[in-house]
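Engineer:
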Amino acid sequence: MRHPERILLVEDNDQNRELFEFLLEEAGYEIVSAPDAVSAREAFNAELPDLVLMDMSLPGIHGLDLVREIRGLPGGSDVPVIAVTALAMRGDKEKFLAGGCDGYIAKPIEPAAFVSEVERFLPPDPSGARAV
Ligand code: MN
């Protein structure tokens with residue numbers, strides 16, 4: 014049996030992190046949470062995630078700079094990275110995509126739609142089974 018897909022969640026806001034964790038764990042995913050860039054790097058290097066959810070405003074670093082770093086780590090070029098942040102300005106979404114993200118989910122998230130939005134970016138399961 015395939016292990017549940019592992020999602021690395023990089024988010025410094027406790028309330029958001031707990032909400033995203035709750036929704037994704039309830040849907041059967043294994044969540045590794047990182048509140049800052051240091052723990053995100055450590056978690057990424059410890060075990061390659063199947064997907065990264067990345068807040069763009071992190072303490073001391075812009076999310077896109079961390080995305081660039083992750084892209085340079087072993088395995089980092091193939092992992093889907095989704096920016097999760099409030100759209101500050103028109104054109105930000107394009108900036109995130111041009112900066113190495115595969116997709117974008119706007120905050121505040123819609124709890125009922127969040128998991129399926131994330132799943133759009135997960136690589137297909139080779140066994141054909143979904144994590145439940
Ligand atoms: Mn933040």
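For the sequence shown, this note's numbering assigns the number 14 to the initial residue and increments by one for each residue that follows. Even glycine gets a Cβ: it sits at the ideal position worked out from N, Cα and C.
Which residues bound the alpha helix (DSSP H) around Val65?
Structural biologist: Counting along the chain, Val65 falls outside any alpha helix (DSSP H), though it belongs to the beta strand (DSSP E) covering Leu64 to Asp68.
Engineer: Check this for me: beta carbons of Ile95 and Asp115, under 9 Å apart or not?
Structural biologist: Going by C-beta atoms, Ile95 is nearer than 9 Å to Asp115.
Engineer: Taking the alpha-carbon positions, what's the Leu79 to Ala50 distance?
Structural biologist: Cα-Cα distance, rounded: 7 Å.
Engineer: Could you give the C-beta distance for Glu34 and Leu21, rounded to a whole number, given that I count them as a contact under 8 Å?
Structural biologist: Contact doesn't hold; Cβ gap of about 12 Å is too wide.
Engineer: So, helix, strand or coil for Leu22, using DSSP?
Structural biologist: If DSSP states are grouped into helix, strand and coil, Leu22 belongs with the strands.
Engineer: Near Glu53, what residues of its chain come up, given a Cβ to Cβ distance below 6 Å and the 5 sequence neighbours on each side ignored?
Structural biologist: A quick correction: the sequence has Ala, not Glu, at residue 53. Cβ neighbours of Ala53 beyond the five flanking positions: Val23 and Ala47.
Engineer: Considering only heavy atoms of the ligand MN, list every residue whose Cβ is less than 7 Å from one of them, following chain order.
Structural biologist: Counting every residue whose Cβ lies closer than 7 Å to a heavy atom of the ligand MN, we get Glu24, Asp25, Asn26, Asp68, Ser70 and Leu71.
Engineer: Whose C-beta lies closer than 7 Å to the C-beta of Met14 among residues of the same chain, with five residues either side of it excluded?
Structural biologist: In this prediction, Met14 scores a pLDDT of 43, lower than 50, which makes its location untrustworthy; no coordinate-derived value is stated.
Engineer: Does the distance from the C-beta atom of Leu64 to that of Glu18 stay below 9 Å?
Structural biologist: Cβ atoms of Leu64 and Glu18: closer than 9 Å.
Engineer: Out of Gly41, Asp68, Glu38 and Gly73, state which residue places its alpha-carbon closest to the alpha-carbon of Tyr117.
Structural biologist: For the residues Gly41, Asp68, Glu38 and Gly73, the minimum Cα distance to Tyr117 belongs to Asp68.
Engineer: List the whole-angstrom C-beta distance separating Val128 from Leu66, where the pair is believed to meet the contact cut-off of C-beta under 8 Å.
Structural biologist: About 11 Å separates the two Cβ atoms, so there is no contact after all.
Engineer: Near Ser3, which residues of its chain fall below 6 Å by C-beta distance, leaving aside the five closest residues on each side in sequence?
Structural biologist: Here the chain comprises residues numbered 14 to 145, so residue 3 is not present and cannot be evaluated.
Engineer: Candidates Pro62, Phe57 and Gly73: which alpha carbon is nearest Asp25's?
Structural biologist: Measuring from the Cα of Asp25, the nearest candidate turns out to be Gly73.
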